[in-house]
Structure formats: C-alpha cells, structure tokens
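For reference, the structure is listed below as structure tokens.
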Amino acid sequence: MRFLKLDITNKEEQKLLSRLKVEGKLKFEGSATPSGDSVKEAIAKNIGKDVKLVVVKNIYTKYGSSSADVLAYAYDDEKKLKELEEVNKKPKGKKEGAPKEGAKPEAPKEEAVKPKPAEEKKEEPKEEEKK
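Below is the structure:
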C-alpha cells in the first residue's frame, strides 16, 4: 500500500496523560484501506516519534473514495502507554475455556434419558388393559 498524502489536521498535547492526540486525513491509492500498522509507521515518521509509542485508535474510511480520517495517540514513554492502553488482541484460533460446538454437556443427556423409561412403563399397562 502506497500513501499519496498524510495531512495532520490537529495535534493536541494532553499533558495529564503524557500523550499527543493526532488527527489527520489520509489519501491512499488502491482498493483497500491501509492497515493500522502502515498508518502507524506513517504517523510516527511524520511527528518524529518511535513507532512503538504510537497507537492508531480509528481509521474512518470514506465510502467510495480513497481517503480516510485517522485518530492516533503518540505517548511519551512505554510505561504510560501500557498503563493507559488496554491490550484486547487475542490470538486467533482456539478459544480457551469455551466448549467446542460439536461437543454437548453430558449432564442434560442423562436427565433426558431418565424420564423416557418412566413414560414407557406407564404406556405398557394401558396396552394390556385394552387387550
């Protein structure tokens, strides 16, 4: 993905949180929206910060055009970044603790089996009476 232009529209220093709020407009060529990592590299290069200290929050792509609005934060140090930003990324694939879709709990099966013999016993005497 090649960027045509990255314009920083707003820089706001947030001293209490030790970070710089960066808003910008991104114009790109190609059919897909650029990945967060490539946008992060472009912003870090533009503002002169380390890539590890930049977090891209949102990339709002405009429908039908090759432009997007970007919201990112550039932190002063890694300690503050880890303190303020949540890590929600989980590895894709197996989910720990969640049962597989094909596997069913065994307890309901046992309970479902028990009432059936009781019902069958009730029906048998009725059939004998009819004969």
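Per the numbering used here, the sequence shown starts with residue -18, numbered consecutively. Heads up, the beta-carbon is just placed ideally off N, CA and C, and yes, glycines get one too.
Are the stretch 20 to 35 and the stretch 56 to 69 touching by the rule of at least three beta carbon pairs closer than 8 angstroms?
yes
DSSP state of Ser47, grouped into three classes?
Within the sequence shown, the letter at position 66 stands for residue 47. Ser47 falls in the coil class under three-state DSSP.
Less than 8 angstroms between the C-beta atoms of Ile40 and Val20, yes or no?
The residue labelled residue 40 in the question sits at position 59 within the sequence shown. The residue labelled residue 20 in the question sits at position 39 within the sequence shown. Yes, the pair counts as a contact, with Cβ atoms nearer than the cut-off.
Where Ala13 sits in the DSSP three-state scheme:
Residue mapping note: residue 13 aligns to position 32 of the sequence shown, counting from 1. Reduced to three states, the DSSP call for Ala13 is coil.
Assuming Lys38 is part of the beta strand (DSSP E), what are its boundary residues?
If you number the sequence shown from 1, residue 38 lands on position 57. Counting along the chain, the beta strand (DSSP E) containing Lys38 begins and ends at 35 to 42.
Would you list the one or two residues that DSSP bridges to Gly5?
By one-based count along the sequence shown, residue 5 stands at place 24. Ile(-11), Val51, per the DSSP bridge assignment.
Which partner residues does Glu(-6) have in the DSSP bridge list?
As a first step, residue -6 is located in the sequence shown; it is residue number 13 there, counting from the start. In DSSP, Glu(-6) forms a bridge with Leu1.
I'd like to check one pair, Glu(-7) with Lys2: are the Cβ atoms closer than 8 angstroms?
One-based indexing of the sequence shown puts residue 2 at position 21. One-based indexing of the sequence shown puts residue -7 at position 12. Their beta carbons are under 8 angstroms apart, which means Lys2 touches Glu(-7) by this criterion.
Would you report the Cα separation of Thr42 and Ala23, rounded to the nearest angstrom?
Position 61 of the sequence shown, counted from the first residue, corresponds to residue 42. Position 42 of the sequence shown, counted from the first residue, corresponds to residue 23. Between Thr42 and Ala23, the C-alpha separation is close to 17 angstroms.
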